[in-house]
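As numbered in numbering that gives the first Met the number 0, residues 0 to 421 make up the sequence shown, in order. Note that beta-carbon positions come from the ideal geometry of N, C-alpha and C, so glycine has one too. Keep in mind it's a predicted model, so treat the numbers as computed, not measured. Data block below; observations after.
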Amino acid sequence: MALTGLTWGVLYLAFMLLFLRATLGRRSACLALLFAAVPPAAFVTVTYVPWAYGEIMASCAATLWLAALWRDAGRPWQRLCFGISVGFGVWISLQTLMIALPAIVWIALRRRRATLEESGLALLGTLAGAAPFLAGNAGHGFPSFTQNWASRPAPSLAQVWDNLVWLFGSPLPQLLFYGFSGWRSPSTVIIAAYVLMAIGFVAALRRDARDRDAPVGAREAGWLLATVSLVSIGLYIASQAGSLRGWTVRYIAPLYVVGPLLCGIGTGALWGRSRWLAIAAVAAFLVPNLLLYSLPGSDARAVLTAQLQTDVRVREVLARRGVRMVYGDYFVVYHLNFDGRERVAGIPSVGAFDYLNYGDALPETGVRWALLGHYANQLRAWADAAGARGTTTRIGDLWLFVAQRPAANTAGLLAALRRAPG
Numbered sequence: 000m001a002l003t004g005l006t007w008g009v010l011y012l013a014f015m016l017l018f019l020r021a022t023l024g025r026r027s028a029c030l031a032l033l034f035a036a037v038p039p040a041a042f043v044t045v046t047y048v049p050w051a052y053g054e055i056m057a058s059c060a061a062t063l064w065l066a067a068l069w070r071d072a073g074r075p076w077q078r079l080c081f082g083i084s085v086g087f088g089v090w091i092s093l094q095t096l097m098i099a100l101p102a103i104v105w106i107a108l109r110r111r112r113a114t115l116e117e118s119g120l121a122l123l124g125t126l127a128g129a130a131p132f133l134a135g136n137a138g139h140g141f142p143s144f145t146q147n148w149a150s151r152p153a154p155s156l157a158q159v160w161d162n163l164v165w166l167f168g169s170p171l172p173q174l175l176f177y178g179f180s181g182w183r184s185p186s187t188v189i190i191a192a193y194v195l196m197a198i199g200f201v202a203a204l205r206r207d208a209r210d211r212d213a214p215v216g217a218r219e220a221g222w223l224l225a226t227v228s229l230v231s232i233g234l235y236i237a238s239q240a241g242s243l244r245g246w247t248v249r250y251i252a253p254l255y256v257v258g259p260l261l262c263g264i265g266t267g268a269l270w271g272r273s274r275w276l277a278i279a280a281v282a283a284f285l286v287p288n289l290l291l292y293s294l295p296g297s298d299a300r301a302v303l304t305a306q307l308q309t310d311v312r313v314r315e316v317l318a319r320r321g322v323r324m325v326y327g328d329y330f331v332v333y334h335l336n337f338d339g340r341e342r343v344a345g346i347p348s349v350g351a352f353d354y355l356n357y358g359d360a361l362p363e364t365g366v367r368w369a370l371l372g373h374y375a376n377q378l379r380a381w382a383d384a385a386g387a388r389g390t391t392t393r394i395g396d397l398w399l400f401v402a403q404r405p406a407a408n409t410a411g412l413l414a415a416l417r418r419a420p421g
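Structure (structure tokens):
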């Protein structure tokens, strides 16, 4: 599963290089690729873990590359492959429309009348790429739309406005600079880098700067960047995906795929004015991001290593005590289902977060159970709500409560636990 993240990450970078080379030219493309290869930590997080966002970003980058080729030459293989990439992206996730729709408009504005004549092969490729999606939906009433909560529209204009406020208050800052955590934090340095690169980008826009071998000038790149931004934000705030609160960076992540355009062009313009200023902007962006990656030898890596050791010790105690069910916060217990190879069911305190229905699969009676969390007081409140007695042990930064008696009624136990305060 780790190979999944690595594979799609490499494909994302390969397609990004091809896209940047096809738009900005050789020199600016290499510069812009730095910002694709060392993105903000939140983008790395959502694209490396095996939950399909690496595939989404690779598909988006491939679609942009093929769009750039069609825009410039419009050869048959380019149009066919563009369609296949768009269709494949739809099969992976409707989120790829954040890139595909602006890409189609970009081509149409460039090719104008020839677009309709050339679109036949692209449409054929789209149907081929989306064939698994269409086959899986056609015979079942298209559940990807009717039963997919994320693709449903926001229920009201008030919710759309609330989604917009939330976007600029949490997911977007998290995506671009890992949120703002104080003036002395790495995010402040990254924001300063964005400001410098934006100044350079505006200067490049004013004179429509481009490399000698660049098919696209700064203004056209800026148009593409703005269009993707507007479509991404529009789809996000108008859908129920934008109504979900929490760490939802992944729902707006395609927007960063065009981010290297601004960074590359802006830094290139700074280089023409002052090489030291350009180097400072690059360093101010790359170094803090690298420090946030939890690389070997860092304090963050030491914390993660300690957490892994704690997880191993918890699983050892659970196996020794014959515990079959562990109840707690989603981020504390749900991974036990995977790490414990489903020998122990990790049941989240919020029932809606039991995505794979491990609670429903438990036996009705006779289940030995435990509580796991960061706070002993919380475990005591849960145990009191269930009327249970047992032993409480501290393991690393976690507290583990193991009940003396198995559950007489598993469903009733879960109901009692979820009624507990906190």
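Where does residue i fall in DSSP's three states?
i	result
G389	strand
V227	helix
A60	helix
F179	coil
F132	helix
V331	helix
G297	Residue 297 is actually Ser in this sequence, not Gly. Coil, per DSSP.
R142	Checking the sequence, you will find Pro at residue 142 rather than Arg. Three-state result, P142: helix.
A407	coil
V325	strand
P152	strand
S92	coil
Can you give me the start and stop residues for the beta strand (DSSP E) that residue i sits inside?
i	result
Y11	Where Y11 is concerned, there is no enclosing beta strand (DSSP E), although the alpha helix (DSSP H) it sits in stretches over A1 to L23.
A344	A344 to P347
W368	W368 to G372
Which residue's Cα is closest to the Cα of residue i: the options?
i	options	result
A157	V322, V230, Y329 and G241	G241
D396	C80, Q403 and T304	T304
L68	L23, M97, C29 and P38	L23
R109	R20, A149 and L223	L223
A353	R342, G365, N336 and R367	Sequence check: residue 353 is Asp here, not Ala. Ranking the options by Cα distance to D353, first place goes to N336.
A414	G86, S348 and L260	S348
L371	G350, D328 and Q173	D328
S84	L166, W50 and L120	L120
F42	M196, L175, N136 and D310	L175
R417	G358, R111, V401 and Y177	G358
G345	W182, A351 and V325	V325
L260	V164, V248, L289 and S228	S228
Y292	T62, L12 and P185	P185
In the DSSP assignment, the alpha helix (DSSP H) including residue i goes from what residue to what residue?
i	result
P253	It is not in any alpha helix (DSSP H) - P253 carries neither H nor E in the DSSP assignment.
A268	G258 to R272
P185	P185 to R206
F42	A40 to Y47
W105	L96 to R110
V401	Where V401 is concerned, there is no enclosing alpha helix (DSSP H), although the beta strand (DSSP E) it sits in stretches over L397 to A402.
D161	L156 to G168
Would you please state the rounded distance, in angstroms, between the beta carbons of residue i and residue j? I believe it to be under 8 Å.
i	j	result
A252	V322	Wrong, their Cβ atoms sit about 37 Å apart, outside the cutoff.
Applying the criterion that 16 or more other CB atoms from any shown protein chain within 10 Å of the CB defines a buried residue, is residue i buried or exposed?
i	result
N376	exposed
A203	buried
P287	buried
T438	With the chain covering 0 to 421 only, the question about residue 438 has no answer from this structure.
A153	buried
P295	exposed
F284	buried
Does the beta-carbon of residue i, which I'm using as the reference point, lie nearer than 7 Å to any heavy atom of the ligand PLP?
i	result
A407	Among the components of this structure there are no ligands whatsoever, and the ligand PLP is therefore not found.
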